[in-house]
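*Asks:* Below is the structure I would like to discuss, written out as structure tokens.
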Amino acid sequence: MLKLLVRRVWQLGLLAMAAVLTMAIGTGQASAAPTTTPGPAQTSDVTALIENLLKSFTVPGAPAPQAVDATKQMIVVTAPVATSQTATLTAFEKDEAGVWKPVIGPTKAWLGEKGMGKAQDNVYRTPQGTFALDQAFGRQANPGTKMPYFQTDTQDWWDSNPQSPTYNTHVRQQASPGGDSENLYNSGPVYDYAVNIAHNPNRVPGDASAIFLHVTDEKPTWGCVAIDRQKMIDVLKWLDPSKSPKITIGVNVDAPKDAPATEASPNGDLIGGVLGNLAALIPDALKGLIPAS
1034 MLKLLVRRVW
1044 QLGLLAMAAV
1054 LTMAIGTGQA
1064 SAAPTTTPGP
1074 AQTSDVTALI
1084 ENLLKSFTVP
1094 GAPAPQAVDA
1104 TKQMIVVTAP
1114 VATSQTATLT
1124 AFEKDEAGVW
1134 KPVIGPTKAW
1144 LGEKGMGKAQ
1154 DNVYRTPQGT
1164 FALDQAFGRQ
1174 ANPGTKMPYF
1184 QTDTQDWWDS
1194 NPQSPTYNTH
1204 VRQQASPGGD
1214 SENLYNSGPV
1224 YDYAVNIAHN
1234 PNRVPGDASA
1244 IFLHVTDEKP
1254 TWGCVAIDRQ
1264 KMIDVLKWLD
1274 PSKSPKITIG
1284 VNVDAPKDAP
1294 ATEASPNGDL
1304 IGGVLGNLAA
1314 LIPDALKGLI
1324 PAS
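Last residue of the sequence shown? That's 1326 in my numbering, and every number before it is there in order.
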């Protein structure tokens, strides 16, 4: 059944490619969803895959189905193996009919120096799983995001001291909170625009702090996800807290390979590859919930 789903998602990628290609390689602006309308069975499969990803998300103190019901924006970050230092990022939005469609990307993303997996303090690894996106910030003025946003100066820190009562939160003070706390201004242009990945909402000491989606310097990160500057601006302008945005980060060993470049499609079938990867991100316990075709 999963093989059939992946094949259908791949077909959807082929249909979507022509409409999304310009967005993926050209202007850097967030574009409208693909104009080609896939068949009902194909859109149903893609929607089922993303909905089941959301079922793996748990909000402390709230039932998991709330994430499925409320979330209408999802960023998917996929890499071929856990040790990959780069990945592919695609943003999806759920329309009024309940169908998930790609709206930004696919685009290259940088991961932690040690790839992805269990996040830990002082280990440059990107956390794997599905997480909320909550607080945006940057050294530059708000580019137009609807997310809560603050412009940083030298008194803005992200507390990464596991002994601190404000561990894994934003604090304003002149001196560092201690430990490996980051100054959100002095860290440089990578934090010109950023949004917090709420991977450790209970702020468990040692489970890592200061994991963001931010601007890339074309190098592996300390555990964050980093993308092109203009793409980061596009993402911020698109994000809407009323749509309960999430990000899912995962490994897809069985991901479809990108199609060879052609004159008509110089980047190959990138959308098809990304959508085909979604099935590999769904936890085994949830795969049985995908409806049969």
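The beta carbon of each residue, even a glycine, is placed where N, CA and C say it ideally should be.
All of these numbers come straight from a predicted model, not from anything done at the bench.
#1: Among Thr1104, Thr1119, Thr1111, which has the Cα closest to the Cα of Pro1253?
#2: Suppose you measure from the CA of Asp1192 to the CA of Lys1127; what does that come to, to the nearest Å?
#3: Spatial neighbours of Lys1279 within its chain, please: CB distance less than 8 Å, with the 5 preceding and 5 following residues excluded, ordered by chain position.
#4: What residues are listed by DSSP as bridge partners for His1232?
#5: Evaluate Ser1277 with the Cβ neighbour count: other Cβ atoms within 10 Å of its Cβ, from every protein chain shown; 16 or more gives buried, anything less gives exposed.
#6: Nearest to Tyr1226 by CA position, among Ile1137, Val1258, Gly1148, is which residue?
#7: Look up Glu1215 in the DSSP assignment and give the residues it is bridged to.
#8: Excluding sequence positions up to five away, which residues of its chain have a Cβ less than 8 Å from the Cβ of Gln1206?
#9: For the beta strand (DSSP E) holding Asp1167, just list the boundary residues, first then last.
#10: Please confirm whether Gln1161 and Gly1283 have their CB atoms less than 9 Å apart.
#11: Using the Cβ count rule (16 or more neighbours within 10 Å means buried), how would you classify Asp1250?
#12: Using a threshold of 9 Å, state whether the C-beta atoms of Ile1327 and Leu1246 are closer than that.
#13: Starting from the Cα of Pro1234, find the closest Cα among Pro1139, Gly1131, Val1156, Gln1168 and give me that residue.
#14: Where does Gln1184 fall in DSSP's three states?
#15: My guess is that Ala1124 and Val1268 are in contact by the Cβ rule of under 8 Å, so how many angstroms apart are they, rounded?
#16: With a floor of 4 residues, list each alpha helix (DSSP H) that falls wholly inside the stretch 1218–1285, ordered by position along the chain.
#17: For Glu1129, decide whether its Cβ has a neighbour in chain C, counting only Cβ atoms nearer than 9 Å.
#18: DSSP beta-bridge partners for Gly1148?
#19: Below 8 Å on the Cβ atoms is my contact criterion, and I expect Gly1239 with Arg1158 to pass it. Report the Cβ-Cβ distance as a whole number of Å.
#20: By the three-class DSSP mapping on this structure, what secondary structure does Glu1084 have?
#21: According to DSSP, is Ala1174 part of a helix, a strand, or is it coil?
*Replies:* Looking at the coordinates:
#1: Here residue 1253 refers to the residue found at position 220 of the sequence shown. Among Thr1104, Thr1119, Thr1111, the Cα nearest to that of Pro1253 is on Thr1119.
#2: As a first step, residue 1192 is located in the sequence shown; it is residue number 159 there, counting from the start. As a first step, residue 1127 is located in the sequence shown; it is residue number 94 there, counting from the start. C-alpha separation (whole angstroms): 34 Å.
#3: In the sequence shown, the residue the question calls residue 1279 occupies position 246. The answer, listed in chain order, is Leu1087, Phe1090, Ala1100, Thr1104, Gln1106, Met1107, Ile1108, Thr1163, Phe1164, Ala1165, Leu1166.
#4: Translated into the one-based positions of the sequence shown, residue 1232 becomes position 199. None, per the DSSP bridge assignment.
#5: Looking up residue 1277 in the sequence shown gives position 244. Classification for Ser1277: buried.
#6: Stepping through the sequence shown from its first residue, residue 1226 is reached at position 193. The residue with the shortest Cα to Cα distance from Tyr1226 is Val1258.
#7: Within the sequence shown, residue 1215 is the residue found at index 182, counting from 1. Bridge partners of Glu1215: Trp1191.
#8: In the sequence shown, residue 1206 corresponds to position 173, counting from 1. Closer than 8 Å at the Cβ level, and outside the excluded window around Gln1206, lie Gln1188, Trp1190.
#9: Within the sequence shown, residue 1167 is the residue found at index 134, counting from 1. Residues 1162–1171.
#10: Mapped onto the sequence shown, residue 1161 falls at position 128. Mapped onto the sequence shown, residue 1283 falls at position 250. In this structure, Gly1283 lies closer than 9 Å to Gln1161 by Cβ.
#11: The count along the sequence shown starts at 1 and reaches residue 1250 at position 217. Burial call: exposed.
#12: Look at the range of the chain in this structure, 1034 to 1326, and you will see that residue 1327 is not part of it.
#13: Here residue 1234 is taken as the residue at index 201 of the sequence shown, counted from 1. That would be Gln1168, whose Cα lies nearest to the Cα of Pro1234.
#14: Along the sequence shown, read from residue 1 onward, the residue named residue 1184 stands at position 151. If DSSP states are grouped into helix, strand and coil, Gln1184 belongs with the strands.
#15: Within the sequence shown, the letter at position 91 stands for residue 1124. Within the sequence shown, the letter at position 235 stands for residue 1268. Their Cβ separation, rounded to whole angstroms, is 6 Å, which keeps Ala1124 and Val1268 in contact under 8 Å.
#16: 1262–1271
#17: Going by chain labels, chain C is absent from the structure shown, which holds only one protein chain.
#18: Within the sequence shown, residue 1148 is the residue found at index 115, counting from 1. In DSSP, Gly1148 forms a bridge with Gly1145.
#19: What you label residue 1239 is simply residue 206 of the sequence shown in a count that begins at 1. What you label residue 1158 is simply residue 125 of the sequence shown in a count that begins at 1. So it is not a contact: roughly 13 Å between Cβ atoms.
#20: To locate residue 1084, count along the sequence shown from 1; it is residue 51. The answer is helix: DSSP assigns Glu1084 an H, G or I state.
#21: The residue labelled residue 1174 in the question sits at position 141 within the sequence shown. Three-state result, Ala1174: coil.
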